[in-house]
Amino acid sequence: MAVKPPSFSVPPRECGRDILPSVRYAPDPREGTTPLQKGLLRLLGVPRLARPPDLRGARILAVQVAGMGDLLLAVPALRALKAAFPGARLDLLTSARAARAAQGCPYLDSILSLEARGFQGNQSPLRWREAIPLIRRVRRAGYGLALNLIGLYTPQGAVRMGLFLRSLGVPLLAGRDTLGTGTFLHLALEENLEAPINERDSNLALVRLLGAEDPQGGRLEAWPTSEEERRAEEMARSLPGEGPLVGVNPGSDRPEKAWPESSFRQVMEALRRERGARFVLTGGPAESDLTARLAGAVGEGALDTVGRISFHGTAALLRRLDLFLTTDTAALHLAWAAGAPAVALFRTENLGRYRPATERIACLTGPEDGQGALRIGAGEVLRACRAQLDRAARKPGA
Numbered sequence: 146m147a148v149k150p151p152s153f154s155v156p157p158r159e160c161g162r163d164i165l166p167s168v169r170y171a172p173d174p175r176e177g178t179t180p181l182q183k184g185l186l187r188l189l190g191v192p193r194l195a196r197p198p199d200l201r202g203a204r205i206l207a208v209q210v211a212g213m214g215d216l217l218l219a220v221p222a223l224r225a226l227k228a229a230f231p232g233a234r235l236d237l238l239t240s241a242r243a244a245r246a247a248q249g250c251p252y253l254d255s256i257l258s259l260e261a262r263g264f265q266g267n268q269s270p271l272r273w274r275e276a277i278p279l280i281r282r283v284r285r286a287g288y289g290l291a292l293n294l295i296g297l298y299t300p301q302g303a304v305r306m307g308l309f310l311r312s313l314g315v316p317l318l319a320g321r322d323t324l325g326t327g328t329f330l331h332l333a334l335e336e337n338l339e340a341p342i343n344e345r346d347s348n349l350a351l352v353r354l355l356g357a358e359d360p361q362g363g364r365l366e367a368w369p370t371s372e373e374e375r376r377a378e379e380m381a382r383s384l385p386g387e388g389p390l391v392g393v394n395p396g397s398d399r400p401e402k403a404w405p406e407s408s409f410r411q412v413m414e415a416l417r418r419e420r421g422a423r424f425v426l427t428g429g430p431a432e433s434d435l436t437a438r439l440a441g442a443v444g445e446g447a448l449d450t451v452g453r454i455s456f457h458g459t460a461a462l463l464r465r466l467d468l469f470l471t472t473d474t475a476a477l478h479l480a481w482a483a484g485a486p487a488v489a490l491f492r493t494e495n496l497g498r499y500r501p502a503t504e505r506i507a508c509l510t511g512p513e514d515g516q517g518a519l520r521i522g523a524g525e526v527l528r529a530c531r532a533q534l535d536r537a538a539r540k541p542g543a
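Letter by letter, the sequence shown follows residues 146 to 543 of the working numbering.
If you want it as structure tokens, here you go:
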């Protein structure tokens, strides 16, 4: 009869706005699993851990193969690891896209990138042939710990991540066990999506299991250079008029998180008419046509920044705004890091995991409309934008 591995609960400590979930420590992950899980663990070759390694001088590999916004939400956990183990080497393995968001991070010794998707769902599979040189490099480096900083939301994604982590030859695997998908981990943060906590706080809870506390209380960061700051200042000053400077990020990395172009246009036209608002449009290369159309619709007093400013330069620009209107995407987390007042548009089911823990960002939610776009009324969004602008105007010195 299988022996159930020891488990315990983290003391109820506040992390941002959320209470930490339970954790599981299993020196031998094969104990207390189902026959199917045992077969998977044998396939992955997960060894028993004799004793936890000393991380004070170890090599630690943080694995965060996801998007740019997810990378920003992992920064407080990286900062906590570096503060707890200053003598350790901390490297990041991330997606090629998110590697741009990690540039300039002072807590990392190096950044390894992998052009791959598919760890979180039914997306395109990992290209193993392309990953082999990186896997060999990691195996030669002799890491003592690999720490997975993304949730495992489907069995398929868990199998891919399990195979990938085991291929790295790292003796201790830690990460997030979402609804039982992380059985291959030695040290796991057990997650229940019916009671989700913020992604930033999940990552902080995970590194706390290793004895790491964030000395800055979970603050998000971006690292624009002095040249990027100068460029952002030029852009902010280039628009004529005295009305509030409003940023608009109309794109989304997924259709189900998008908001209709016509709705963005309605809100922008109303703010121009009522407040004399000036606009800067932000986004990635895939949204260049969308931002160009919106900037053209508003006319003079609108600046399309797509292709003209970097990711961290956008953070510098956001700090100069009176308001930022965005969907639930990386730009939202940049606004959180920049301390910008914002209105964010969410799918209802995503709010628990991605809502910024700041009162400066008002979050509106709605279901999909059946056509892959959020069903939130333009009038509701306009009222939220007015309220944010009024709040900023009431501040001393505003």
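Note that the Cβ used here is the ideal one computed from N, Cα and C, for glycine as well. Values in this document were obtained by computation on a predicted structure and should not be read as measured data.
Item	Value
Nearest to F491 (by Cα), restricted to the options D398, P278 and R465	D398
Sub-8 Å separation of G287 and R204 beta-carbons	yes
Sequence-distant residues of the same chain with beta carbon closer than 7 Å to E366, five excluded per side	V220 and A482
Residues bridged to Q209 (per DSSP)	T239
Residues of its chain near A222, where Cβ-Cβ distance is below 6 Å and the 5 sequence neighbours each way are ignored	N348, L349 and V352
Where R204 falls: helix, strand or coil (DSSP)	strand
Residues that DSSP places opposite S255 in a beta bridge	D236
A489 versus L294 - alpha carbon distance	24 Å
6 Å CB neighbourhood of W466 in its chain, flanking five on each side removed	Sequence check: residue 466 is Leu here, not Trp. Answer for L466: L390, G392 and A485, listed in chain order.
Segments assigned beta strand (DSSP E), at least 3 residues, entirely inside the region 265-312	290-293
Nearest-angstrom Cβ-Cβ length linking T450 and L470, presumed shorter than 8 Å	Contact flag wrong, Cβ pair sits at about 14 Å.
Where E387 falls: helix, strand or coil (DSSP)	coil
Test item: CB-CB of L218 and L237 under 8 Å	no
Residue burial classification, Q533 (beta-carbon count within 10 angstroms, cutoff 16)	buried
Any alpha helix (DSSP H) of 4 or more consecutive residues that is wholly inside the region 316-356	344-353
Among G522, E513 and A529, the one whose alpha carbon lies nearest that of E504	A529
Where S312 falls, given that 16 or more other Cβ within 10 Å makes a residue buried	buried
Proximity to P501 [Cα-Cα], best of G296, A303, D346 and L448	D346
Local conformation of G511 per DSSP, three classes	strand
Where L466 sits in the DSSP three-state scheme	coil
Exposure of I239, with buried meaning 16 or more beta-carbon neighbours within 10 Å	Reading off the sequence, residue 239 comes out as Thr, not Ile. T239 should be labelled buried.
E432 and P385 closer than 8 Å at C-beta	no
The region 453-467 / the region 369-376 touching (three or more Cβ pairs under 8 Å)	yes
For D449, the three-state DSSP class (helix, strand or coil)	strand
For F491, three-class secondary structure by DSSP	strand
Residue(s) in a DSSP beta bridge with G497	Note: G497 sits in no beta bridge, so no partner.
Three-state class that DSSP yields for T459 in the structure shown	helix
Cutoff 6 Å; reference L496; Cβ partners in own chain excluding five residues on either side	T510
Three-pair Cβ contact test at 8 Å for the region 326-336 versus the region 290-305	yes
A476 versus A442: straight-line alpha-carbon distance, rounded	22 Å
Per-residue DSSP class, three states only, for T503	coil
Proximity to M413 [Cα-Cα], best of G446, E513 and G327	G446
Separation of R536 from G444, as counted between CA atoms	27 Å
Inter-residue CB distance, A211 and A246 (contact presumed, cutoff 8 Å)	Wrong, their Cβ atoms sit about 10 Å apart, outside the cutoff.
Collapsed DSSP secondary structure at L426 in the structure displayed	strand
For T472, the residue or residues it bridges with in DSSP	L490
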